[in-house]
Each structure stands twice: as structure tokens, then as C-alpha cells.
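Numbering (this note's numbering), first residue to last: 35 to 236.
We put the beta carbon where it would ideally sit given N, CA and C, even for glycine.
What you are looking at is a predicted structure, and each value in this text was computed from that prediction instead of being measured.
Report on the structure given below.
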DNA sequence: GCGACGATCATCT
DNA sequence: GATGATCGTCGCG
């Protein structure tokens, strides 16, 4: 039933920026505790391992938290930000590299009622998955899901054939980076132009 | 619709 | 002991 799953080869490519862009328009699914939710990826950010000061793996940094980033692509990297929010990243590249894509916003498709219950804050569906912390919550994901295979049956991605025209994919500076580096301005954030589910314009 | 602000704690130094 | 790849609330007008 899930033969449209993105293959391992999609994640093993070395160009995390290209992968970040390619992920726009793909559909992400979680099946956790018997609950299925899915949504279209509308906003991502690329984090390019050792040379990227914005990355947890900058300068080859490797700790208990980010260890999974060095694994072969096709697994999740989950971590907690500001002590409260769980973040979902897609690990990419061959084993030994440390690139990852942060998923920043989703357009809900399946399991809206489940998402509403998990969020229990907004009745406004546009905000269910608006922002990395929000979407992880809505999809039922937290730090305990670190390192899950994206080819398993708990979380996976599919290409449902949604075509996002190249000119509708906007590239801009990444959000929330408190760094002093040219990488702060480099346009490694991608989102769908005009999409109401994107966390922020600009 | 937007800016300011406080929450809150795992992680790293 | 300081710091976040953030979020929701409040006040504005």
C-alpha cells in the first residue's frame, strides 16, 4: 500500500540543499499508537554539516544529542529546543556525513481530528502544523522518535505526485539562527509561495 | 496582522 | 551557569 515511499537513495544523496528543496511537496506520514496522520511538506531548511555554523554538527561537533546526524541518511533526528519544543529533522547523505533537513511547516491532509486533539490550542487548522515545534506535536513526534527509519511503518514519506512549479519554491534565509556568519543569510530555507500553512513569509 | 515577552529544560561548557 | 533551528499570549488600535 505504501509503494510510493521515497526510496533510501533519495536520502543518501550528498546535496542536502537539493534534498531540502526536493522535499517540498512530498507527503509525510506518521502511524503512532494506532493513529495515522499525514501532511504535505511546505517549508524546510537545510543544515549542511561541518562547514555550516548554523548546524549542530558545525566543525565536526559530535555529541550524544546529534550523534544520529552522522548515520546514513533516511532516519529522523529529533531534539528538544528551548526546553519545550521537539524538532523533526531528516538525516541525509552517506554514513559519516552530518547533513540534515529541518521540517518547518506542513499542510495537513489526513487525521486532522487527531492533530487538533494533540495540539489542543487552536481551532484554526492553518496553525496545526505551522512551525517546527507545532508540527512535531501535531504528528505525535517527540525526542523518543530519534533515529527512526523513514522506510519503516511509524514514519515515512511518499511522493503523491504533487507538482510544485520551480518558480513557486521560494528560497530565503533560515529562521531563528543566532550566529554571526555568512551562513546566517544563505538562502537554505525553502517554502511554497503563497501557501497559507507556511510559518512565515520573507 | 505584528512586536514584545515569558515559559522551560536538555544540553553543553 | 548560559543558551537556544520556538510558541502562545497579550496589547495594539
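Query                                                                                                                                                                           : Result
Checking the sheet assignment: what are the DSSP bridge partners for residue 80?                                                                                                : 135
Who are the Cβ neighbours of residue 72 in its own chain at under 6 angstroms, not counting the five residues just before and after it?                                         : 61, 63, 143, 144
Compare the beta carbon distance of residue 111 and residue 123 with 8 angstroms and say whether it is the shorter of the two.                                                  : yes
Sort out for me which residues DSSP pairs residue 61 with in a bridge.                                                                                                          : 74, 192
Which whole runs of the alpha helix (DSSP H) in the region 104 to 187 are 4 residues long or more, in chain order?                                                              : 146 to 153, 166 to 172
Take residue 88 as the anchor and find which of 226, 221, 231 has the nearest alpha-carbon.                                                                                     : 221
Could you check how far apart the C-beta atoms of residue 125 and residue 148 are, in whole angstroms? I think they sit under 8 angstroms.                                      : Between residue 148 and residue 125 the Cβ distance is about 26 angstroms, and since that is not below 8 angstroms, they are no contact.
Consult DSSP for residue 225 and reduce its assignment to one of helix, strand or coil.                                                                                         : strand
For residue 79, which residues from the same chain have a beta carbon less than 8 angstroms from its beta carbon, with the 5 sequence-adjacent residues on both sides left out? : 54, 135, 136, 138, 208, 209, 222, 223, 224
Report yes if the C-beta distance between residue 132 and residue 84 is below 8 angstroms; otherwise report no.                                                                 : yes
With distances taken Cα to Cα, identify the nearest neighbour of residue 107 among 98, 82, 117.                                                                                 : 82
Classify residue 218 as helix, strand or coil using the three-state DSSP reduction.                                                                                             : helix
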